[in-house]
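> Residue numbers for the sequence shown follow our numbering, so the first one is 2 and each next one is one higher.
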Amino acid sequence: MFQDFKFIFKKPMLLTSLLVISLLPVIYASIFLGAMWNPYDRTGDMAFHIVNEDKGNEDIDLGMEIEEELKENNQLDWQFTDLDEAKKALQKGDSYGYLQIPEDASDNAMTFLSDDPKPVDMVLKTNPGHNFIGSIMSEQAGSMLTDTVKTSITETYTSTLIGQLNDLSEQSDEAKQALADLKNGAHDLNDGLIEAEESTAQLNQGAAEVNEGAGQLSQSSKALHDGETQFTGQLEQFSPILGNNAQMVLGAQRELEEGAGQIEAGSSQLTQGASELNSGLSQLESGTGDLVEGSGELAGALDEIDTRFNEVLSQLDENNIAFTEDGAKAIAAPVNLDHESIVDTQNYAQSFAPLIIAVSLFIGSITFNVVYPMNKIFEDRQSVLRQWVSRISLFLSHALLMSTLLYIVIVWIMQIEIASHGKFFLAMLVWSTASIAMIGLLVMIFGNFGKFLGIVLLIIQLSSSAGTFPIETSSDFYQGLYQVVPMAFVVTGFRDAVFNQGFDYNFSTVIYVLLTTILAASILISLVLLLKNKMPKYEEKINKLSKFES
Numbered sequence: 002m003f004q005d006f007k008f009i010f011k012k013p014m015l016l017t018s019l020l021v022i023s024l025l026p027v028i029y030a031s032i033f034l035g036a037m038w039n040p041y042d043r044t045g046d047m048a049f050h051i052v053n054e055d056k057g058n059e060d061i062d063l064g065m066e067i068e069e070e071l072k073e074n075n076q077l078d079w080q081f082t083d084l085d086e087a088k089k090a091l092q093k094g095d096s097y098g099y100l101q102i103p104e105d106a107s108d109n110a111m112t113f114l115s116d117d118p119k120p121v122d123m124v125l126k127t128n129p130g131h132n133f134i135g136s137i138m139s140e141q142a143g144s145m146l147t148d149t150v151k152t153s154i155t156e157t158y159t160s161t162l163i164g165q166l167n168d169l170s171e172q173s174d175e176a177k178q179a180l181a182d183l184k185n186g187a188h189d190l191n192d193g194l195i196e197a198e199e200s201t202a203q204l205n206q207g208a209a210e211v212n213e214g215a216g217q218l219s220q221s222s223k224a225l226h227d228g229e230t231q232f233t234g235q236l237e238q239f240s241p242i243l244g245n246n247a248q249m250v251l252g253a254q255r256e257l258e259e260g261a262g263q264i265e266a267g268s269s270q271l272t273q274g275a276s277e278l279n280s281g282l283s284q285l286e287s288g289t290g291d292l293v294e295g296s297g298e299l300a301g302a303l304d305e306i307d308t309r310f311n312e313v314l315s316q317l318d319e320n321n322i323a324f325t326e327d328g329a330k331a332i333a334a335p336v337n338l339d340h341e342s343i344v345d346t347q348n349y350a351q352s353f354a355p356l357i358i359a360v361s362l363f364i365g366s367i368t369f370n371v372v373y374p375m376n377k378i379f380e381d382r383q384s385v386l387r388q389w390v391s392r393i394s395l396f397l398s399h400a401l402l403m404s405t406l407l408y409i410v411i412v413w414i415m416q417i418e419i420a421s422h423g424k425f426f427l428a429m430l431v432w433s434t435a436s437i438a439m440i441g442l443l444v445m446i447f448g449n450f451g452k453f454l455g456i457v458l459l460i461i462q463l464s465s466s467a468g469t470f471p472i473e474t475s476s477d478f479y480q481g482l483y484q485v486v487p488m489a490f491v492v493t494g495f496r497d498a499v500f501n502q503g504f505d506y507n508f509s510t511v512i513y514v515l516l517t518t519i520l521a522a523s524i525l526i527s528l529v530l531l532l533k534n535k536m537p538k539y540e541e542k543i544n545k546l547s548k549f550e551s
């Protein structure tokens with residue numbers, strides 16, 4: 002029993018080789034995790050150019066605001082240059098991108114409420130050919146700067162609007178008083194016009210009476226004039242009888258007749274004037290009526306305006322609406338995103354460790370099957386059961402050695418935080434054993450071609466284990482593989498152990514799947530050993546294909 006161990010201890014070089022390759026997972030994991038330990042903490046060394054051509058205006062200077070914003074930002078190494086220098090740096094790979102702010106940026110920003118609004122056109126240039134991830138970081142920086150510009154523009158417009166509303170709010174008391182005075186004046190005017198209308202009616206009535214009296218006076222003066230004329234004619238007939246006295250009486254009578262004529266003429270003028278006065282007063286009465294009607298409508302409209310104005314002021318008070326500069330800034334940036342993670346991550350390496358550890362152990366398993374002569378034919382032939390126990394024991398021992406060394410480096414040297422050390426070590430040990438058993442089975446069946454199949458199996462598992470990008474971003478083919486490949490399960494198990502958070506599969510499910518894989522591989526290995534025991538020619542052929550000397 003344990004003929005594999007006896008063979009190893011008889012071969013110092015083989016023993017040394019197996020011990021050395023047991024460090025391969027450690028080397029692979031430590032190098033890769035060290036290289037990606039926390040790359041986002043060092044983005045400040047990545048050059049990104051800002052080409053500020055904006056001339057600004059009296060209301061806003063977007064280019065200068067962006068420069069001031071970036072002085073306090075260490076996300077990238079910001080370089081403020083002209084366009085030619087930015088283009089050359091990007092082309093040579095000295096820069097990961099540049100943002101060009103045109104000279105009319107600020108002017109265009111102030112046209113949004115005009116008849117001809119113009120957008121603020123900025124240009125972001127990156128070079129994915131130089132480094133794809135770097136270009137993505139540059140795009141994120143460009144998006145951040147675009148958000149800064151949007152917020153600045155919105156804040157400018159909102160501040161202006163809020164300032165005007167605040168002025169209006171401060172003047173609302175004066176406007177309310179002025180409106181009340183105007184409303185009261187309108188009512189007083191309406192009352193006065195009503196009184197004037199009544200007085201005009203009375204005056205018009207008096208004018209009619211004057212006109213009637215003037216007519217009567219005119220008739221009386223005419224009758225008097227006619228009577229005087231007749232009396233004068235009669236006096237002239239009796240003048241010979243009266244003598245000198247008649248001449249005196251006749252002269253007096255003629256004077257009286259002339260006075261009656263003047264009275265008649267005056268009464269005619271009085272009648273005409275009274276008629277004109279009556280006509281004018283009638284027009285005045287009609288105009289006063291129209292004015293009274295109009296003033297009534299004005300008073301009613303002012304009442305309605307006053308009511309609505311008071312309702313608006315009341316709603317502002319009830320809703321506690323105020324127009325302040327802080328309010329303008331809040332409207333310009335109304336959302337404050339509070340990002341919280343349900344698990345605490347130490348760094349980028351910790352997040353990437355589940356995939357790297359799974360890959361490193363699988364590579365270590367491939368290397369083990371490359372170094373150890375899996376198809377070695379021993380002179381001391383033992384039973385199939387003894388061969389199987391020896392082979393499985395060898396797998397377990399090497400898996401334990403790789404897992405222990407890797408655990409020491411990950412936890413004690415690299416000091417990556419692990420939530421559950423028990424789960425972590427158990428997942429490493431079971432996965433190492435499953436990997437060695439799967440690849441060992443392939444090598445025992447196909448010889449060196451089995452090693453090639455092991456590499457193919459590694460590639461397939463890498464593409465479908467969701468170690469980097471979410472599996473939802475892959476095609477249906479890889480999503481289907483994700484449901485069956487062992488590495489997809491173990492990556493989930495490592496994540497559970499590192500972050501104490503179950504994801505797609507429970508940790509127990511992961512262990513069951515890996516143990517099932519080990520069991521299936523072990524059964525198949527026993528069958529292969531049995532086949533070789535029954536078919537020596539097949540065993541010799543596989544041994545030659547493996548190209549190992551006994």
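From the three backbone atoms N, C-alpha and C, an ideal C-beta is built for every residue, glycine too.
Should the stretch 107 to 115 be called in touch with the stretch 81 to 98, which here means at least 3 C-beta pairs below 8 Å?
No, the stretch 107 to 115 does not touch the stretch 81 to 98.
> Put residue 125 into one of helix, strand or coil per three-state DSSP.
Strand at residue 125.
> Measuring only the C-alpha atoms, how far is residue 443 from residue 146?
Each residue's alpha carbon lies about 55 Å from the other.
> Distance, Cα to Cα, residue 121 vs residue 473?
Cα to Cα, residue 121 sits roughly 36 Å from residue 473.
> Since residue 50 sits in a beta bridge, which residues does DSSP pair it with?
According to DSSP, which records beta bridges pairwise, residue 50 is partnered with 80, 99.
> Please state if the CB of residue 376 and the CB of residue 455 are separated by a distance shorter than 8 Å.
No.
> Measure the C-alpha to C-alpha separation of residue 512 and residue 533 and round it to an integer number of angstroms.
Residue 512 and residue 533: Cα-Cα distance of roughly 31 Å.
> According to the neighbour-count rule (16 or more other Cβ atoms, all chains shown, within 10 Å of its Cβ), is residue 552 buried or exposed?
Beyond the ends of the chain as shown, which are 2 and 551, falls residue 552; an answer cannot be given.
> Quick one: using the 10 Å Cβ neighbour count with 16 as the cut-off for buried, is residue 462 buried or exposed?
Buried is the call here.
> Does DSSP classify residue 452 as helix, strand or coil?
Helix.
> Note down the Cα distance separating residue 37 from residue 357, rounded to an integer number of angstroms.
Distance between the alpha carbons of residue 37 and residue 357 is about 11 Å.
> Just the C-alpha distance for residue 128 and residue 135, rounded to the nearest angstrom, thanks.
Roughly 8 Å separates the two Cα atoms.
> Spell out a yes or no on whether the stretch 16 to 30 and the stretch 60 to 72 are touching, meaning 3 or more CB-CB pairs, one atom from each, closer than 8 Å.
Output reads no: the stretch 60 to 72 does not touch the stretch 16 to 30.
> How would you write the range of the alpha helix (DSSP H) that residue 399 sits in, first residue to last?
Where residue 399 is concerned, the enclosing alpha helix (DSSP H) stretches over 385 to 408.
> Give the single residue among 20, 51, 516 whose Cα lies nearest to the Cα of residue 430.
Among 20, 51, 516, the Cα nearest to that of residue 430 is on 516.
> Which term fits residue 13, buried or exposed, when burial requires 16 or more other beta carbons within 10 angstroms of its beta carbon?
Classification for residue 13: exposed.
> Taking residue 348 as the reference, give the member of 392, 470, 119, 415 with the closest Cα.
Cα-wise, what sits closest to residue 348 is 415.
> Just how far apart, CA to CA, sit residue 152 and residue 70?
Rounded to whole angstroms, residue 152 to residue 70 spans 12 Å at the Cα level.
> Under the assumption that residue 362 contacts residue 436 (Cβ atoms under 8 Å), give the Cβ distance between them as a whole number of angstroms.
Yes, residue 362 and residue 436 are in contact; Cβ-Cβ is about 6 Å, under 8 Å.
> Taking the CB atoms as reference points, tell me whether residue 525 and residue 389 lie closer together than 8 Å.
No, the Cβ-Cβ distance between residue 525 and residue 389 is not below 8 Å.
> Over what stretch of residues does the alpha helix (DSSP H) that includes residue 370 continue unbroken?
Per DSSP, residue 370 belongs to the alpha helix (DSSP H) from 349 to 372.
> Could you give the distance in angstroms between the alpha-carbon of residue 457 and the alpha-carbon of residue 485?
Between residue 457 and residue 485, the C-alpha separation is close to 16 Å.
> If you count every other CB in all the chains shown that lies within 10 Å of the CB of residue 21, and 16 or more means buried, which is it?
Per the 10 Å Cβ criterion, exposed.
> Run the CB neighbour count on residue 413, radius 10 Å, all protein chains shown included, and call it buried at 16 or more, exposed below.
Exposed is the call here.
> Rounded to the nearest angstrom, what separates residue 45 and residue 78 at their Cα positions?
Whole-angstrom Cα-Cα distance: 5 Å.
> As a quick exercise: from 61, 395, 51, pick the residue whose alpha carbon is nearest that of residue 72.
Of the candidates 61, 395, 51, the one whose C-alpha sits nearest the C-alpha of residue 72 is 51.
> Express the C-alpha separation of residue 490 and residue 519 in angstroms, rounding to a whole number.
Those two C-alpha atoms are separated by around 14 Å.
> Is DSSP giving residue 521 helix, strand or coil here?
Helix.
> Closest to residue 140 by C-alpha separation, out of 76, 104, 155, would be which residue?
Here the closest residue by C-alpha is 76.
> Measure the C-alpha to C-alpha separation of residue 91 and residue 103 and round it to an integer number of angstroms.
In a straight line, the C-alpha of residue 91 is about 19 Å away from that of residue 103.
> Let me check understanding here. Comparing Cα to Cα, which of 451, 482, 108 lies closest to residue 59?
Measuring from the Cα of residue 59, the nearest candidate turns out to be 108.
> Just reading off the alpha helix (DSSP H) that residue 377 is part of, what are its end residues?
Element bounds for residue 377: n/a, residue is neither H nor E.
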